[in-house]
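These protein sequence lines map, in sequence, to chains X and F.
For the first sequence, position 123 (counting from the first letter as 1) is numbered 123 according to the numbering used here, and the numbering increases by one without interruption.
For the second sequence, position 88 (counting from the first letter as 1) is numbered 1088 according to the numbering used here, and the numbering increases by one without interruption.
C-beta: ideal position from N, C-alpha, C; glycine also.
Number of protein chains: 2
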Amino acid sequence: MKSSVEPLKARRIYLLLRDRIVAGDLPPGGRLPGEPALAAEHAVSRVTVRRALDLLEKEGLVQRKPGSGTFVHDSRAVRPIVADLSNVLSHLIDMGRSTDVKLLSFGYVAPPEAIAESLGLKPGERVQRSVRVRLIDGEPFSYLTTHVPEWLGLTYSEAELAARPLLELIERSGVKTERATQAINATLAGPEPAAALDLEIGSPLLTLTRIVHDPSGRGVEHLHALYRPDRYSFHMDLVRIGDDGERRWSPALGRPRASETAKTDKNKAGEKPTRGSRAIKQRS
Amino acid sequence: MKSSVEPLKARRIYLLLRDRIVAGDLPPGGRLPGEPALAAEHAVSRVTVRRALDLLEKEGLVQRKPGSGTFVHDSRAVRPIVADLSNVLSHLIDMGRSTDVKLLSFGYVAPPEAIAESLGLKPGERVQRSVRVRLIDGEPFSYLTTHVPEWLGLTYSEAELAARPLLELIERSGVKTERATQAINATLAGPEPAAALDLEIGSPLLTLTRIVHDPSGRGVEHLHALYRPDRYSFHMDLVRIGDDGERRWSPALGRPRASETAKTDKNKAGEKPTRGSRAIKQRS
DNA sequence: CGAAGCTGTATTATCCATCATACAGGTTCC
DNA sequence: GGAACCTGTATGATGGATAATACAGCTTCG
């Protein structure tokens, strides 16, 4: 185990710089402020700034040139996968990229109350719980926890779950899946997801919680998915509908545009760097 | 000042326990293991466990009873506001809740390259940049950064932006907004958003990036929104469409069900006085 | 060339998260 | 009542992260 405790301020600065890089705020190939400037800007010592830059360099986001400066690596290789609303990745497979699934856990347990409630289970009813990780080109990008009522889970084997989509197995059993509700949110990575997704604890994650119902309204699947935001994001096209009184956006249906896959402009949690504030005297 | 650096192990345990609570693994009202037990389980000192519990208590997730134990708070009151796909909150207003907008920043600047590209601007073209914070019942829940081409931004004033929805101002100018694309992702809070949203730096945030186009395909608005995940989340209903070969989920259109979800979050009042800036009532 | 700026490296001192331990006071339950 | 829990609080010790400072070698540019 790594008993070496991770830095705090260093990590903070690392995250901030990383966000600005992936957001395109610091253009690829561009030089970022010098270590003394960064140290002053964030009110930390230069040693700490170096720690943050070490992390960025180790991840290949940044390239350091002694005597010259630190530069954003040109090939921002880490473009997120794009999934449409319905969470469809099929166009990725068309593109020749391979997705694999690792089954981390499989078993029958008593469900947490919240899940039992959302599936409409009777008290005492058990569920099949599985944890899977999806990989694209060998890299993990999602951490899936599913709960399925026991009577339904028993219609397929552990090996089948590891090999085929869960929804396919459910429908094979004769259950019709017509409706679902889902919620998208954000959270921080706990120890298990962090390890499975090859992330640091405390990294941000996209979450998707989906509850699938059969036509009678009975819950048949509870899916909780965690996504690495640097490798996955939800995209959708919207059209403006409604007449003048109440116009609003509505998702544009139709085939997911297999258009240019990604035009990532993610986000910037940070803000504009106030330029021109330099002039730090590190020397006496 | 808050130079108080966050703990590491304490934060780890905090995240662990938090995940188990929100997942329903530890049922509401239940008592969680005693501090000595937790300390032994995670191989840390009791002081560290207490730090983690302090965080949970401050967030209202647990309640401590001296001499008795630490309990999961019954009413997990902090239910996020629910917005449907199109980011519509109208049902909240129907419910009598008030949303306000604070304009934090307004000005004309040279756009970051990523934004210029997504709006299809010519080199050298400037944009109007604004930063707003939305509040519900006085509590901030979203941090909006918008970029609008200068020629369009000049058709309205700063005061108008603070008082009316941006899209309404754009349409008033004669520009037709028919299409948009958006992406949903997750990130960590940087210093400015954290301060505006009354959060710690490094808190998780939901992000929404939307680019609005006019019928000719010209970009007219770049919206970057950050949402507090504990106060806001995206919900949607899905239906299963397509014939047998390729069945998939598709968003169910129609009015967003005024679902059970939004309840008043009884957060501890008082805390941070919202910083003095204008707060204007505005419809979603 | 030479000044200015940059990264790489080293040293010392300080701060703070964590540990280990002890004790006080409340609750639960037999 | 009293044993066995629990949370609240205080103590000192320790190690790692951070700060402050100094200097080396490199690149860029006038």
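Per-residue DSSP class, three states only, for residue i
{"i": "F/Y1014", "result": "helix"}
{"i": "X/R20", "result": "helix"}
{"i": "F/K1263", "result": "Confidence at F/K1263 is low in this model, with a pLDDT of 33, below 50, so its placement is unreliable and no value can be given for it."}
{"i": "F/K1009", "result": "helix"}
{"i": "X/S203", "result": "coil"}
{"i": "X/G153", "result": "helix"}
{"i": "X/M1", "result": "At X/M1, the pLDDT of 38 sits below 50, so the modelled position is not reliable and the matter cannot be decided from this model."}
{"i": "X/A225", "result": "strand"}
{"i": "X/L38", "result": "helix"}
{"i": "F/A1116", "result": "helix"}
{"i": "F/E1246", "result": "helix"}
{"i": "F/E1125", "result": "coil"}
{"i": "F/E1188", "result": "The residue you asked about is not Glu; residue 1188 of chain F is Leu in the sequence shown. Strand, per DSSP."}
{"i": "F/H1213", "result": "strand"}
{"i": "X/D237", "result": "strand"}
{"i": "F/P1033", "result": "coil"}
{"i": "X/P140", "result": "strand"}
{"i": "X/T177", "result": "coil"}
{"i": "F/P1066", "result": "coil"}
{"i": "X/P286", "result": "Past the boundaries of the shown model lies residue 286 of chain X; chain X is included only from 1 to 284, so the question cannot be answered."}
For residue i, the first and last residue of its enclosing alpha helix (DSSP H)
{"i": "X/R172", "result": "166-172"}
{"i": "F/V1049", "result": "1046-1058"}
{"i": "F/L1061", "result": "Segment: none, F/L1061 is in no alpha helix (DSSP H) and carries neither H nor E."}
{"i": "X/L161", "result": "158-163"}
Residue j beta carbon less than 8 angstroms from that of residue i
{"i": "F/V1131", "j": "F/S1105", "result": "yes"}
{"i": "F/L1223", "j": "F/T1146", "result": "yes"}
{"i": "X/P191", "j": "X/L205", "result": "no"}
{"i": "F/A1189", "j": "F/S1173", "result": "no"}
{"i": "X/S118", "j": "X/G219", "result": "yes"}
{"i": "F/G1069", "j": "X/A114", "result": "no"}
{"i": "F/T1177", "j": "F/L1167", "result": "yes"}
{"i": "X/E35", "j": "X/R50", "result": "yes"}
{"i": "X/L169", "j": "X/E160", "result": "yes"}
{"i": "F/L1238", "j": "F/P1229", "result": "no"}
Expected contact under 8 angstroms - CB spacing of residue i and residue j to nearest Å
{"i": "F/T1187", "j": "X/D19", "result": "6 angstroms"}
{"i": "X/E139", "j": "X/Y108", "result": "Contact flag wrong, Cβ pair sits at about 31 angstroms."}
{"i": "F/R1179", "j": "F/H1213", "result": "5 angstroms"}
{"i": "X/D74", "j": "X/G29", "result": "5 angstroms"}
{"i": "X/T155", "j": "X/N185", "result": "Contact flag wrong, Cβ pair sits at about 31 angstroms."}
{"i": "F/I1013", "j": "F/A1043", "result": "Rounded, the Cβ-Cβ distance is 10 angstroms, inconsistent with contact."}
{"i": "F/A1225", "j": "F/L1121", "result": "Rounded, the Cβ-Cβ distance is 21 angstroms, inconsistent with contact."}
{"i": "F/A1037", "j": "F/Y1232", "result": "Not confirmed; about 35 angstroms, so no contact."}
{"i": "X/L340", "j": "X/V72", "result": "Lying before the first or after the last residue shown, residue 340 of chain X is absent from chain X, which here runs from 1 to 284."}
{"i": "X/V133", "j": "X/K102", "result": "5 angstroms"}
{"i": "X/V47", "j": "X/L56", "result": "Going by Cβ atoms, the distance from X/V47 to X/L56 rounds to 15 angstroms, so no, they are not a contact pair."}
{"i": "F/L1199", "j": "X/L8", "result": "Contact doesn't hold; Cβ gap of about 17 angstroms is too wide."}
{"i": "X/S142", "j": "X/Y227", "result": "5 angstroms"}
Opening and closing residue of the beta strand (DSSP E) in which residue i lies
{"i": "X/P193", "result": "No beta strand (DSSP E) contains X/P193, which is instead part of the alpha helix (DSSP H) from 191-196."}
{"i": "X/E102", "result": "For clarity, residue 102 of chain X is Lys in the given sequence; the question names Glu instead. Start and end: 99-109."}
{"i": "X/G69", "result": "69-72"}
Legend entry - Under 9 angstroms (Cβ pairs) to chain X, residues found in the stretch 1177-1199 of chain F: T1177, E1178, R1179, A1180, T1181, Q1182, A1183, I1184, N1185, A1186, T1187, L1188, A1189, G1190, P1191, E1192, P1193, A1194
Inset, instruction - For the stretch 108-119 of chain X, enumerate the residues whose C-beta is nearer than 7 angstroms to any C-beta of chain F, in chain order. - result: P112, E113, A114, I115
Inset, instruction - Return the residues of the stretch 1008-1039 of chain F that lie within a Cβ-Cβ distance of less than 7 angstroms from chain X, sorted by chain order. - result: L1008, R1011, R1012, L1015, L1016, D1019, A1023, G1024, D1025, P1027
Inset, instruction - Note down, in chain order, all residues in the stretch 1131-1155 of chain F with a beta-carbon under 7 angstroms from any beta-carbon belonging to chain X. - result: Cβ contacts with chain X come from no residue of the stretch 1131-1155 of chain F.
Inset, instruction - Could you run through the stretch 1203-1218 of chain F and flag, in chain order, every residue whose CB is less than 7 angstroms away from some CB of chain X? - result: P1204, L1205, L1206, T1207, T1209
Inset, instruction - Taking a Cβ distance cut-off of 7 angstroms, strictly less, list which residues of the stretch 230-248 of chain X are near chain F, in chain order. - result: S233, F234, H235, M236, D237, L238, V239, R240, R248
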